[in-house]
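In the UniProt record's numbering, the protein residues as written are 1 to 517. C-beta: ideal position from N, C-alpha, C; glycine also.
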Amino acid sequence: MKKRLGNILIFVLIIGLTIGYGIYKDDQSRVTVNKIYTIQFQEQALSDLENEKGNGNYTLQNMFMKYNPFSTNTQSMYVYFNTYKAAKITYTVSCADYADFTATAYQAKTYQKEHEFQLIGLIPDCTNTITITATYKDGTSQSISTNYTMGSLLGDEDIQLEQVSGSKQDLGNGLYTLLGNDADDQDFVYMYDTNGILRGEIPIIGYRSHRMLMQNQTLYMSVSTHRMAAINHLGRIEHIYNLGNYIVHHDYQFDQDGNLILLATNEEKNSVEDCIIKLDVETEEVSELLDLEDLFKSYKESTDHKEGSKWDWMHINTLQYLDDDSVILSSRETSSILKIKDVSTNPSIDYIIGNEDFWKDTDYTEYLYTKVGDFLTSGGQHTVTYMEDDSLESGQYYLYMFNNNFGYSKTRKDYDWTVNEGIQTSITEGTTSYYYQYLVDENEGTYTLVNSFEVPFSAYVSSAQNLGDHIVVDSGIAGLLSIYDADGNLEQQFSIKKNDRFIYRIYYYDYKGYYFS
């Protein structure tokens, strides 16, 4: 059928696909998530895909489509075809009772003739109408629609989040990415659109993914306690990195060379969550950059520790790597923010932001920055994030965070957190956490609270992400995803079903250069 609407040509072809709905449901006894995260499995999957595709003449009217060929996203489809002239590609996934999902597929050039991409956003247990549109430089376009009935999810997460307040916010076409819905069952990364509809389910071996990092059309993420994975934009796992005797925890970032800097536990030590390692993404070499014990030896020795238990004396939960080879760390156990300079060459303490009375009578008071103003310093904070601003002077920047506002230190039983009026000391009876934003002035050695508002209480975990006009907050123990404006007014809030204890972290990613253009 061919119909002209202005200068837009629309071709609609309804095809009933008969592709099986996934390697998990059809052959679950043979293929496990552990096997998926092996190069052998991925190479075989690629070979099977190429053999099935063959040398066919695939066009917009005759696309090659295969459901989740690399078993890395339950709600995905591999798509390949050519157009007779250069085009950009968009697609829409439609399913009864759910809002449509529309995206511009990633490709190397804005307009090109060969098109190969990973389509995401399929709705489980539903007949999805997939409409793919090729738009040409002259403004004309062609669209093809095809039906695909997807099977069930691997997990039992909600397909539609419950909206408990507000209305949809226009954050763009990115995805709220849930990192760590911790439980003893199979672990996943979940991706929800701004309507609160599930658009991606990525199975991982275990533990959790802490952050999604992307460079050169490759996604880097932790998939277990000891392994990182590099996944290309088609969903194929290209590298599995084994961290040896190190356990990755809480966070990782790229350095200036594109290698990974990770928070780690050295299994050969008697303490945990106090090291930083480097993973060379090309050679796969793992090297230790910093053991915080080397910088805070006397403090560690002053802390309480029960023989045979984990000595969690610092509990670093966030890492920010800066261009000058310094790192900013969030320490939950000390409710402090640490800056370490020259981490790759000759690490040393730059400063500490924390309660002065917590650090008194230690060897580290000289590193404390001065608080400017009357406010409560953060307690047990998470996702401390470095943010520059052109309006600030050299040596000034912002640090924002989810301030749990919870005072507890298992290894400092001598310290009474109740001396900090307003801080919460009960996991179950606490009422208020905060979004906090500090102005840090390295020239003066000061920090000032410049933005703060109340958020649902969570004694542990949780996250905050400043997107400019919107601030995304995960109150992890409460299981609430909240979107605020820059002034702290609640715009939208979703309730999330917890597998067990909490939702560890939620970040909003636009996935441009990976899933989308």
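DSSP state of residue i mapped onto helix, strand, coil
| i | result |
| --- | --- |
| residue 521 | Outside the shown range of the chain, which is 1 to 517, sits residue 521, and nothing can be said about it. |
| E444 | coil |
| L175 | strand |
| S330 | strand |
| N34 | helix |
| Y436 | strand |
| K282 | The question names Lys, yet the displayed sequence has Glu at residue 282. The answer is coil: DSSP assigns E282 none of H, G, I, E or B. |
| Y504 | strand |
| E293 | helix |
| K300 | helix |
| M212 | coil |
| G56 | coil |
| H226 | coil |
| V450 | strand |
| V164 | strand |
| T218 | strand |
| G513 | coil |
| S344 | coil |
| G430 | coil |
| G180 | strand |
| E288 | strand |
| I159 | coil |
| I496 | coil |
| N232 | strand |
| D350 | strand |
| S271 | strand |
| D170 | coil |
| N195 | coil |
Backbone CA spacing between residue i and residue j [nearest angstrom]
| i | j | result |
| --- | --- | --- |
| H315 | H250 | 9 Å |
| Y207 | V223 | 7 Å |
| Q118 | L46 | 14 Å |
| Y192 | L329 | 29 Å |
| K109 | I349 | 45 Å |
| L292 | E284 | 24 Å |
| D100 | C126 | 13 Å |
| Y504 | Y98 | 27 Å |
| V272 | Y136 | 55 Å |
| Q437 | F453 | 10 Å |
| N181 | T418 | 31 Å |
| Y37 | E50 | 20 Å |
| Q396 | G445 | 10 Å |
| D510 | L234 | 16 Å |
| Y321 | S482 | 27 Å |
| T377 | E393 | 23 Å |
| G22 | N68 | Confidence at G22 is low in this model, with a pLDDT of 34, below 50, so the placement of that residue should be treated as unreliable; the coordinate-derived value is given next. About 7 Å. |
| K297 | T194 | 46 Å |
| W311 | V248 | 16 Å |
| S145 | E201 | 24 Å |
| Y106 | E282 | 24 Å |
| I231 | Y220 | 7 Å |
| G258 | M214 | 10 Å |
| K66 | T102 | 19 Å |
| Y367 | Y299 | 13 Å |
Residue burial classification, residue i (beta-carbon count within 10 angstroms, cutoff 16)
| i | result |
| --- | --- |
| M387 | exposed |
| V461 | buried |
| Q424 | buried |
| N245 | exposed |
| T265 | buried |
| Q381 | buried |
| N472 | Going by the sequence as given, residue 472 is Val instead of Asn. It counts as buried. |
| T72 | buried |
| V343 | buried |
| N466 | buried |
| N403 | buried |
| I39 | exposed |
Residue i - containing alpha helix (DSSP H), residue span
| i | result |
| --- | --- |
| K53 | 39-53 |
Enclosing beta strand (DSSP E) for residue i [first to last residue]
| i | result |
| --- | --- |
| E238 | 237-242 |
| E201 | 198-204 |
| I337 | 336-341 |
| N317 | 316-321 |
| T265 | 260-266 |
| D251 | 246-254 |
| Y192 | 187-192 |
Test: residue i CB closer than 8 Å to a CB of chain B
| i | result |
| --- | --- |
| V79 | Here chain B cannot be found, since the structure has a single protein chain. |
Quick check on the DSSP output: what are the complete alpha helix (DSSP H) runs of length 4 or more inside the UniProt domain "Arylsulfotransferase N-terminal" (65-149), in order along the chain?
Here no run is fully enclosed.
Could you tell me which uninterrupted beta strand (DSSP E) segments, each at least 3 residues in length, are contained entirely in the region 353-427, listed from first to last along the chain?
Listed in chain order, the complete beta strand (DSSP E) runs (minimum 3 residues) inside the region 353-427 are 370-372, 382-387, 396-403.
What runs of the beta strand (DSSP E), each 3 residues or longer, lie entirely inside the region 453-493?
DSSP runs (the beta strand (DSSP E)) wholly in the region 453-493: 463-466, 470-475, 480-485.
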